[in-house]
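One structure is given here, and the rest of the page talks about it.
Number of protein chains: 2
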Amino acid sequence: MSARYGIVLFGHGARDARWAEPFERLAKLLRAQCGPSTAVSLAFLELMSPDLPTAIAEQAAGGCATITIVPVFVGIGGHIRRDLPALVDRCRAAHPGIEIRCVKPVGEDDAVLDALAQYCLRQMGDVTPR
Amino acid sequence: MSARYGIVLFGHGARDARWAEPFERLAKLLRAQCGPSTAVSLAFLELMSPDLPTAIAEQAAGGCATITIVPVFVGIGGHIRRDLPALVDRCRAAHPGIEIRCVKPVGEDDAVLDALAQYCLRQMGDVTPR
Chain A
0 MSARYGIVLF GHGARDARWA EPFERLAKLL RAQCGPSTAV SLAFLELMSP
50 DLPTAIAEQA AGGCATITIV PVFVGIGGHI RRDLPALVDR CRAAHPGIEI
100 RCVKPVGEDD AVLDALAQYC LRQMGDVTPR
Chain B
0 MSARYGIVLF GHGARDARWA EPFERLAKLL RAQCGPSTAV SLAFLELMSP
50 DLPTAIAEQA AGGCATITIV PVFVGIGGHI RRDLPALVDR CRAAHPGIEI
100 RCVKPVGEDD AVLDALAQYC LRQMGDVTPR
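So the sequences go chain by chain: A and B.
With numbering that gives the first Met the number 0 applied, the first sequence corresponds to residues 0 to 129, in that order.
With numbering that gives the first Met the number 0 applied, the second sequence corresponds to residues 0 to 129, in that order.
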């Protein structure tokens, strides 16, 4: 069965291959929860491959009719405000028959920020009195 | 009452001042939950201020005896493996009387990765059948 839906986890990328390990773990978590109807891929802005147009093209070739891009960025600057919209426009132009959605970056989600805060608090639990 | 404990949220930094808004929201969440015995500061690797040594020096001057650095990085490459340990060593050398702890980056925490996965799944909920 080919996937009808796609998720692309979009990250910055880095020189060190190990940089992407948390993204790979996240993709694995999603694959376990989404089932075979959803393809989960990684894509990177720079320094790593595939880039976003390549990841989108692969999901499109695999049969995905709707692709959701999730920017896995906590900080929200020029990469998200300028580079990403340009890339998304390019992908949409290349695949006019496919719905390509780009959701807000993880750093804008209240539940994600709350999980980050809880992580900090757990780390502080070792040193501060309750 | 001066803070006895410090948390420094350490991020990459960027040119766009708005980049740091999620970090500021995270700091605000932590301040609300920690109370007055804990100072919460931001620090950046590059392109934004303060840098880590400045943030640590300010918390030390404010009376913090134990300071916990939380690397707010999802990807874990050279900045975390090389740049951060060198900065932490510098901070410890500058403040030998203060306990400076550096915890693992947020991208290594299972609960944070789970929150990221849940965010993706919520975003997919709009398009995929359940």
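In this text, a Cβ means the ideal position worked out from N, Cα and C, and glycines have one as well.
All values derive from a computational prediction rather than experimental measurement.
Beta-ladder partner(s) of Glu98(A), from DSSP: Thr65(A)
Close beta carbons around Val87(A), own chain, < 6 Å, minus the five adjacent residues each side: Cys101
Top-ranked residue by Cα proximity to Pro84(A), from Ala114(A), Pro52(A), Gly106(A): The shortest C-alpha separation from Pro84(A) is found at Pro52(A).
Partner residues on chain A for Asp113(B), Cβ-Cβ distance less than 8 Å: Leu28, Ala114
Chain-ordered chain A contacts of Pro70(B) [CB-CB under 9 Å]: Ordered by position in chain A, no residue passes the 9 Å Cβ test against Pro70(B), which lies about 11 Å from the chain.
Classification of Ala16(A) by the beta-carbon crowding that lies within 10 angstroms, buried from 16 upward: exposed
For Thr53(A), the first and last residue of its enclosing alpha helix (DSSP H): Segment 51-60, the alpha helix (DSSP H) holding Thr53(A).
Below-7 Å beta-carbon distance, Pro21(B) vs any chain A residue: yes
Cα-Cα separation between Leu41(B) and Ile79(A), rounded to whole angstroms: Near 21 Å, if we compare the C-alpha coordinates of Ile79(A) and Leu41(B).
Neighbour list for Ile97(A) in chain B, Cβ cutoff strictly below 9 Å: Here the premise fails: no neighbours, minimum Cβ distance about 12 Å.
Per DSSP, cross-strand counterpart(s) of Ile79(A): Note: Ile79(A) sits in no beta bridge, so no partner.
Three-state secondary structure assigned by DSSP to Val87(A): helix
Meets three-Cβ-pair contact criterion under 8 Å: the stretch 16-32 of chain A and the stretch 49-68 of chain A: no
Whole-angstrom C-beta distance between Arg3(B) and Ser36(B), which should lie under 8 Å: 5 Å
Through-space distance from Ala116(B) to Gln32(A), alpha-carbon basis: 9 Å
Same chain, Cβ closer than 8 Å to Arg14(B), five either side skipped, listed in chain order: Leu46
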